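Have a look at the structure below before the remarks.
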Amino acid sequence: MIDIDRPKLEGSVAVGEGRRIGFAEFGSATGRAVFWLHGTPGARRQIPLEARVYAERHDIRLIGLDRPGVGSSTPYSYPNVLSFADDLATVADTLGIDRFAVIGLSGGGPYALGVARAMPERVVVTGILGGVAPTVGPDAVDGGAMVLGKFLAPMLPVIGAPIGRVLSSFVRVARPIAEPAIAIYGRLSPAADRELLQRPEFKAMFLDDLLNGGRKQMEAPFADVVVFARDWGFSVGDITGPVRWWHGDRDHIIPHTHGEHMVHLLPDAKLFTMTGESHLGGLGMAVDIITELLGVWDQEQPLIAH
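Heads up: the sequence shown begins at 1 in my numbering, then just goes up one per residue.
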């Protein structure tokens, strides 16, 4: 197992009465800001190592956020996906960030879209990696993991927190078996995800994220499912800023057709099909994805030479 450097800055920000959101910052402290919203499950350090190195070398301020109920974030139930945008805005203000890009992986995708809808004047470009699609309302699409999510959602407000506490207790003593557990998950995954999870740097990243984010609390995944199964609080078609969407054509969790559906609804979007890739494929393309998003940013606001 390879060693992973700690984030350059890590802590939490007060976002409401008695609530905090955890963050981890990589790269340049003065560069253009990119918020990275982790998958479900996940936490603030779920950012590929190559993306962290790229951020350092190319003057990018790369920031991962915990969602409520994982890592250093206070447990909290959002009324809808859009409500998360207020918390991210508070974090951005506290960190002195005006405009930024936002990336959402899997379960982070709906929240990234909500931020883009709520703050079109601040979100320059949005990147989605195999993002979850709505399950109710006119934007809804059937299939994928949220079929089970919709079934479980009514029960999770009651049983999610206790299950999360049990999982957290397990994670606190799971370090010796965590690596074999990831290996087992990899063997049960499609070939593309299995190959990625066999790479030492990705295995190390997932272990670091799990052991640092999950050992305190693991309620966020259940809260995610509940809010995804509701009306998101906005229409996808109302997002006016540019969106770039990456989706594996062999995604076994969120079907590729969901990505096609969402890009069709978005006014300014482009779909990048990752041929032969499954659900985790976007993590293996993190540098290309950040490069693409900053290229869109450059077209809107050319960099001034220093």
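Don't be surprised by glycine CBs; every beta carbon is placed ideally from N, CA and C.
Owing to the predicted nature of the structure, the values given are computational and were not obtained by experimental measurement.
Rank GLU56, ILE254, HIS258, VAL226 by C-alpha distance to the C-alpha of VAL236 and give the top, closest one. Here residue 236 refers to the residue found at position 236 when the sequence shown is read from its first residue. It is HIS258.
Within 7 Å, strictly: CB atoms of GLY144 and PRO48: One-based indexing of the sequence shown puts residue 144 at position 144. One-based indexing of the sequence shown puts residue 48 at position 48. For GLY144 and PRO48, no; Cβs fall outside 7 Å.
Can you check DSSP and say which residues form a bridge with PHE23? Within the sequence shown, numbered from 1, the residue matching residue 23 stands at position 23. Answer is GLY11, LEU65.
Looking at the unbroken beta strand (DSSP E) that takes in THR291, where does it start and where does it end? Reading the sequence shown from its first residue, position 291 is the one you call residue 291. Careful: THR291 lies outside any beta strand (DSSP E), inside the alpha helix (DSSP H) at 286–300.
Counting only the same chain and skipping the five closest in sequence on each side, list residues whose C-beta sits under 8 Å from that of GLY18. As a working mapping, residue 18 is identified with position 18 in the sequence shown. Excluding sequence neighbours, GLY18 sits near THR74.
DSSP state of HIS247, grouped into three classes? Locating residue 247 in the sequence shown gives position 247, counting from the first residue. Residue state, collapsed to three classes: strand.
Neighbourhood of PRO41 by C-beta, 6 Å cutoff - its chain only, sequence neighbours within 5 removed: Residue 41 sits at position 41 when you count from the first residue of the sequence shown. Contacts found: PRO221.
Taking C-alpha atoms, which residue in VAL287, TRP246, GLU292 lies nearest to LEU271? For the purposes of this step, residue 271 is taken as residue 271 along the sequence shown, with counting starting at 1. For the options VAL287, TRP246, GLU292, the alpha carbon positioned closest to that of LEU271 is the one of TRP246.
Can you tell me where the alpha helix (DSSP H) with GLY131 in it begins and where it stops? In the sequence shown, counting from the first residue as 1, residue 131 sits at position 131. Neither: GLY131 is in no alpha helix (DSSP H) and is coded neither H nor E.
Run the CB neighbour count on GLU219, radius 10 Å, all protein chains shown included, and call it buried at 16 or more, exposed below. Within the sequence shown, residue 219 is the residue found at index 219, counting from 1. Per the 10 Å Cβ criterion, buried.
Ordered along the chain, which non-local residues of its own chain (more than five positions away) have a Cβ less than 7 Å from that of TRP36? Walking along the sequence shown from the start, residue 36 turns up at place 36. Correct list, in chain order: ILE47, LEU62, ILE63, GLY64, ILE103.
Helix, strand or coil: which one does DSSP assign to PHE100? Along the sequence shown, one-based indexing puts residue 100 at 100. Correct three-state label for PHE100: strand.
Can you list, in chain order, the residues of its chain whose CB lies under 7 Å from that of TYR111, leaving out five sequence neighbours each side? For the purposes of this step, residue 111 is identified with residue 111 of the sequence shown, where counting begins at 1. Taken in chain order, the residues that qualify are LEU37, VAL81, PHE84, GLY104.
If you draw a straight line from the alpha carbon of PRO157 to that of ASP298, how long is it in whole angstroms? If you number the sequence shown from 1, residue 157 lands on position 157. If you number the sequence shown from 1, residue 298 lands on position 298. For the pair PRO157 and ASP298, the Cα-to-Cα distance works out to about 43 Å.
PHE23, buried or exposed, once every other Cβ within 10 Å from all chains shown has been counted against 16: Locating residue 23 in the sequence shown gives position 23, counting from the first residue. Its Cβ being crowded by 16 or more others within 10 Å, PHE23 is buried.
Exposed or buried, which one is MET155 when buried takes at least 16 other CB atoms within 10 Å? Numbered from its first residue, the sequence shown carries residue 155 at position 155. Under this definition MET155 is an exposed residue.
Please state whether DSSP places MET262 in a helix, a strand or coil. Within the sequence shown, numbered from 1, the residue matching residue 262 stands at position 262. Helix.
Identify, in the order they occur along the chain, each residue of the same chain with its Cβ nearer than 6 Å to the Cβ of GLU25, setting aside the five sequence neighbours on each side. The count along the sequence shown starts at 1 and reaches residue 25 at position 25. Take GLU25, set aside five residues on each side of it, and the residues of its chain with a beta-carbon closer than 6 Å to its own are PRO7, LYS8, LEU9, ILE63, in chain order.
Look up MET119 in the DSSP assignment and say whether it is helix, strand or coil. For the purposes of this step, residue 119 is taken as the residue at position 119 of the sequence shown. The answer is coil: DSSP assigns MET119 none of H, G, I, E or B.
Backbone secondary structure at MET155 - three-state DSSP: For the purposes of this step, residue 155 is taken as the residue at position 155 of the sequence shown. Residue state, collapsed to three classes: coil.
On the criterion of 16 or more Cβ atoms from any shown chain inside 10 Å, does PHE100 qualify as buried, or is it exposed? Numbered from its first residue, the sequence shown carries residue 100 at position 100. PHE100 comes out buried.
Helix, strand or coil for VAL227? Go by DSSP, reduced to three states. Mapped onto the sequence shown, residue 227 falls at position 227. In this structure, VAL227 counts as helix in the three-state DSSP scheme.
Using the Cα positions of ARG187 and GLY281, report the straight-line distance between them to the nearest angstrom. Start at 1 with the first residue of the sequence shown, and residue 187 comes out as number 187. Start at 1 with the first residue of the sequence shown, and residue 281 comes out as number 281. Distance between the alpha carbons of ARG187 and GLY281: 16 Å.
Can you have a look at LEU129 and say buried or exposed, based on whether 16 or more other CB atoms are within 10 angstroms of its CB? Here the question's residue 129 lines up with position 129 in the sequence shown. Result: buried.
Residues near VAL141 in its chain [Cβ-Cβ closer than 6 Å; skip 5 each side]: Looking up residue 141 in the sequence shown gives position 141. Taken in chain order, the residues that qualify are ALA133, HIS258, HIS261.
What does DSSP give as the partner residues of MET274 in its beta bridges? Counting from 1 along the sequence shown, the entry for residue 274 is found at position 274. BP columns for MET274 point to GLY248.
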